[in-house]
Amino acid sequence: MMVKCVNFDFTMKKLFFQSKSTLAIAMSVFILSSCYLGKNIDKPITVFLDVSDLKINTVNYSGNPQYLDYMTVESYRTEFLNSLTNEAGYSKNVTLVYSQPADYSLKLTYFEVNESESKETVNDANSPYNGQSYYLTSVQAKGTFDLLNGEKKIDSYTAYADKSEKLKNNQSIGQMIIGTNKDNTQYREKLLQDDVCKDMADKCGRRTWNLFTQKLAKKMK
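Using the working numbering, read the sequence shown as starting at 10 and increasing by one per residue.
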């Protein structure tokens, strides 16, 4: 009896390309994440957290804020600083201090949470939404700091955290239940959570500390 393996071969090829795609995505996520992984410090040191010149700001580039007004400027600052100091507590051999003298200094110079908007147009000839435009909102938090050895400035760095609304055409759970949008031709805007700016301030605080330890570990070699 002859057995045809065409469907099996097609399935295996499909699984192979899906696996490659999944692996590529996973590697991209790992590479991006590794940019903000903290480094271990090999010997006990003290680090002075200097906020004396820290400037803070919120910026709305779109003219119609969707998320930025969730908290005040000072509340975002508090979220940023609390997250940074909490993250510092996980660093081996590092003691955070709030006065001099110290072995090294982390001098925070600027912190900002901003919101912007971009236009995205559906380009899908098979979709009834073809040509329809959406205005998608992005939020970003960024913190800049100086790394000092005693009174000597070594360098300046910036840490970021951002998130954006997305234009989606995959089946939503509701669509799957009722059996619609099987051909992925219906488009919708995926919004962000209300407290996304707070979340980005928190993430930026953690990333600021981890970026600091990365650079410090290099300078101490």
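For glycine and all other residues, C-beta sits at the position ideal for the given N, C-alpha and C.
Bear in mind the structure is a predicted one, so any value in this text is a computation, not a measurement.
- T55 sits away from V122, with the two beta carbons spaced by 7 angstroms or more.
- Distance between Q109 and N158, taken at the CA atoms: about 12 angstroms.
- Q223 carries a helical assignment under DSSP once its states are collapsed to helix, strand and coil.
- Collapsing the DSSP output to three states places D203 in coil.
- Look at G188 here: in three-state DSSP terms it is coil, with no helix or strand label.
- The three-state secondary structure of I65, taken from DSSP, is strand.
- The shortest C-alpha to C-alpha distance from N219 to any of T153, M185, E198, K207 is the one to T153.
- C-alpha of D204 to C-alpha of E124: approximately 13 angstroms in a straight line.
- Counted as a single uninterrupted DSSP element, the stretch harbouring L176 is not any alpha helix (DSSP H) but the beta strand (DSSP E) occupying residues 175 to 177.
- K191 is classed as exposed because its beta carbon has fewer than 16 other beta carbons within 10 Å across all chains shown.
- About 6 angstroms separates the beta carbons of S136 and Y196, which is inside the 8 angstroms limit, making them a contact pair.
- Excluding the 5 residues flanking it on each side, L105 has same chain C-beta neighbours closer than 6 angstroms at V56, L58, A97, in chain order.
- DSSP places I50 outside both helix and strand once states are collapsed to three, so it counts as coil.
- Y143: member of the beta strand (DSSP E) spanning 142 to 158, first to last residue.
- The C-beta distance from A168 to T217 rounds to 4 angstroms, short enough to meet the 8 angstroms contact threshold.
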